[in-house]
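**Q** Could you have a look at this structure, given as C-alpha cells, before my questions?
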Amino acid sequence: MTETNPAPLSQSYPAIPASVPKARHALVALAAGALVAGEQLEAIALAASEALTNVVVHAYPRAPGGNAAVLASQSAGWTGKPNRCCSASALMPSS
Numbered sequence: 000m001t002e003t004n005p006a007p008l009s010q011s012y013p014a015i016p017a018s019v020p021k022a023r024h025a026l027v028a029l030a031a032g033a034l035v036a037g038e039q040l041e042a043i044a045l046a047a048s049e050a051l052t053n054v055v056v057h058a059y060p061r062a063p064g065g066n067a068a069v070l071a072s073q074s075a076g077w078t079g080k081p082n083r084c085c086s087a088s089a090l091m092p093s094s
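Residue 94 is where the sequence shown ends in numbering that gives the first Met the number 0, and the numbering goes up by one at each step.
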C-alpha cells in the first residue's frame, strides 16, 4: 500500500434527507482516499449515515432549514494500516 494524504473535508449540507447520501459519499471517498477498505469503510459509511440522519431528524425540530457541517481529515501519524484514518471526523449542526 502506498500512503496517501487526501485533502480534508469541510462541507455544509442542508439538513434534509436528500443530503444524507451526498455527505456520506464525501466521507467514504475521503476514507477510501486514505486507503481504508472493506469492513472499516462500511463502518464509516454506517456511522456517517446514522450521524447525518440524527442531524436531519433532531437538530432543527422547531426551525427547519438548518445545515449539517461535515468535517473530516486524515489523522496525524497515518501509517497505512486500516485502523489509522479519519479520526478527526465530526458532524454537527450549524446555523
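Idealized CB from N, CA, C, for every residue including glycine. Note that the structure is a prediction, hence the values are computed from the model and not measured.
Suppose the cutoff is 7 Å on Cβ atoms and the five residues either side in sequence are ignored; what does the same chain contact list for V69 look like?
**A** Against the sequence shown, residue 69 aligns to sequence position 70. When the five nearest sequence neighbours on each side are left out, the beta carbons in the same chain lying within less than 7 Å of the beta carbon of V69 are those of L8, Q10, Y12, A22, A25, L26, L90, in order along the chain.
**Q** Assuming G65 and A71 are in contact, meaning their beta carbons sit under 8 Å apart, how far apart are those beta carbons, in whole angstroms?
**A** For the purposes of this step, residue 65 is taken as residue 66 along the sequence shown, with counting starting at 1. For the purposes of this step, residue 71 is taken as residue 72 along the sequence shown, with counting starting at 1. G65 to A71, Cβ: 20 Å. No contact.
**Q** Only counting the same chain, and skipping five residues up and downstream in sequence, which positions put a Cβ closer than 7 Å to that of S48?
**A** Indexing the sequence shown from 1 puts residue 48 at position 49. Same-chain partners within the cutoff: V19, R23.
**Q** Can you find the residues in the same chain that come closer than 6 Å, C-beta to C-beta, to A46, ignoring five residues on each side of it along the sequence?
**A** Stepping through the sequence shown from its first residue, residue 46 is reached at position 47. So no residue of the chain qualifies.
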